[in-house]
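Peer 1: Would you mind keeping the following structure in view while I ask a few things?
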Amino acid sequence: MDFSLTEEQGAIFDMARSFGAEQIAPHARDWEAEGTIPKALWQEVGALGFGGLYVSEENGGAGLTRLESTLVFEALSQSCASVAAFLSIHNMCARMIDAYGSDEMQARVLPSALTMDTVLSYCLTEPGSGSDAAALKTRAERTNEGWTLTGTKAFISGGGYSDAYIVMARSGEDSPRGISAYLVEDGANGLSFGGLEDKMGWRSQPTRQVQLDNCDIPAANLLGNEGEGFKYAMAGLDGGRLNISACSLGAAQAALDATLAYMGERKAFGQAIDQFQALQFKLADCEIELEAARTFLRHAAWALDTGQPDATKRCAMAKAFVTEAAGRVADTCLQLHGGYGYLADYGIEKIVRDLRVHRILEGTNEIMRVIVARQMLAAR
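Numbering follows our numbering, in which position 211 of the sequence shown is assigned residue number 193; successive positions increment by one, without gaps.
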């Protein structure tokens, strides 16, 4: 059993970390204040091949494994978890088109999605259906030209910002088998957006409701087969949970690195505060938690890459464990900074705010525990 990264995997991590340090970190606070991410950044990201991390090489993607992809998100999140998490959403959508889209859709959409000239967003959650995603109410009706969609999607990262949206809508019966997936391109007749949400964290990501009022799309924009949308959505979530865990890990590591540096400089009672054993214990606890989280995450990614029968369970366990451990570490780092941790200039409070939502999205951590317990009982 070899836990080391290959030379190529190490190079992927280093490239992403360097890009983040040079192109994201210096601007992260400004983008948060402005409530948006410049579109030009995504074209630079696309030039690195990060617009289709696990899109197949046959379709022009990087063809990375899930483990290798988590390295990218962990590295980028050391500069800004909000930016890295938005990239994760785009990649999930691109992979769905790669895996389930028709040849025509792949040829039409993927080239510009891979360069990130086309930015993709994902629309599953609704005002009345979060954890109970299969209860969604958005309807899709056949027309002579294609489909008409009616409904509202909530908490959509990139709402009113992205160039196209993968939308889950009910085209059939009131069960998961009645849900289909559709590609809705910006500018479609009947597509509009709610006001910009004022959020605790992830503030650089524009988040709005996506409103579909008799929104007309062509027949060719049905993604995959009718009635299989919910299956596609659930398949994408395993990888999404790994990605958001990686984003948590990278941001918490950045907080810990900054805290180590700060504690060596900050003096109290005649010495640097990193010389107080009580505070050293806190540092050690943070290191232990992050190393355990990193090992857990990479093992879950291995399980998904190799098709292990319990991969979904392992992804759920990793998501719950890593996001909670990262949240504790970030909070501890703020505490170790004292009052300075509460100031935006030091960057720690932003990490604390950004990481809080990671325990909610991609399936709440309570739902992660439901998944784990059900599989435990089924295997009894």
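Every residue gets a Cβ at the ideal spot worked out from N, C-alpha and C, and that includes glycine.
In this text, all values refer to a predicted model and were calculated from it rather than measured experimentally.
Does the segment 18 to 32 come within contact of the segment 80 to 88, defined as at least 3 CB pairs closer than 8 Å?
Peer 2: Contact fails: fewer than three Cβ-Cβ distances are below 8 Å.
Peer 1: Do you know offhand how far Met363's Cα is from Ser162's?
Peer 2: As displayed, the chain neither begins before -17 nor continues past 362, which places residue 363 out of reach and without an answer.
Peer 1: Can you tell me which of Asp220, Asn171, Glu167, Val192 puts its alpha carbon nearest to the alpha carbon of Gly177?
Peer 2: Residue Val192 is the option with its Cα nearest to Gly177.
Peer 1: Just the Cα atoms here: how many angstroms apart are Ala10 and Asp180?
Peer 2: Each residue's alpha carbon lies about 17 Å from the other.
Peer 1: Classify Leu359: buried if its beta carbon has 16 or more other beta carbons within 10 angstroms, exposed otherwise.
Peer 2: Exposed, because fewer than 16 other Cβ atoms sit within 10 Å of the Cβ of Leu359.
Peer 1: At 3 residues or longer, what runs of the beta strand (DSSP E) sit wholly inside the segment 272 to 324?
Peer 2: List check, beta strand (DSSP E) in window: nothing returned.
Peer 1: Rounded to the nearest angstrom, what separates Ala266 and Thr294 at their Cα positions?
Peer 2: Going by the C-alpha atoms only, they are around 31 Å apart.
Peer 1: Here's the rule: buried if 16 or more other CB atoms are within 10 angstroms of the residue's CB, otherwise exposed. What is Phe(-2)?
Peer 2: What sits at residue -2 in the sequence shown is Ala, not Phe. Ala(-2) comes out buried.
Peer 1: Give the DSSP bridge partners of Phe68, in chain order.
Peer 2: Paired residues: none, contrary to the question.
Peer 1: Sort out for me which residues DSSP pairs Leu268 with in a bridge.
Peer 2: The question names Leu, but residue 268 in the sequence shown is Cys. According to DSSP, Cys268 bridges with nothing at all.
Peer 1: Report the partner residues of Ser162 according to the DSSP bridge assignment.
Peer 2: Bridge partners of Ser162: Ala151.
Peer 1: How long is the line joining the alpha carbons of Ala29 and Arg362, rounded to whole angstroms?
Peer 2: Going from the Cα of Ala29 to the Cα of Arg362 covers about 49 Å.
Peer 1: Which one or two residues does DSSP pair with Arg121 in a beta bridge?
Peer 2: Answer is Thr132, Arg152, bridged to Arg121.
Peer 1: Please report the distance separating the alpha-carbon of Ala237 from that of Gly17.
Peer 2: Cα to Cα, Ala237 sits roughly 22 Å from Gly17.
Peer 1: Grouping DSSP H, G and I as helix and E and B as strand, with all else coil, what is Pro109?
Peer 2: DSSP places Pro109 in coil when its eight states are reduced to three.
Peer 1: I need the straight-line Cα distance from Ile226 to Phe278, nearest angstrom please.
Peer 2: Each residue's Cα considered, the two are about 14 Å apart.
Peer 1: Would you be able to state if there are at least three C-beta pairs under 8 Å between the segment 29 to 49 and the segment 247 to 265?
Peer 2: Touching, no.
Peer 1: Just tell me which of Arg223, Thr52, Asp156, Gln317 has its CA closest to the CA of Ile342.
Peer 2: The shortest C-alpha separation from Ile342 is found at Arg223.
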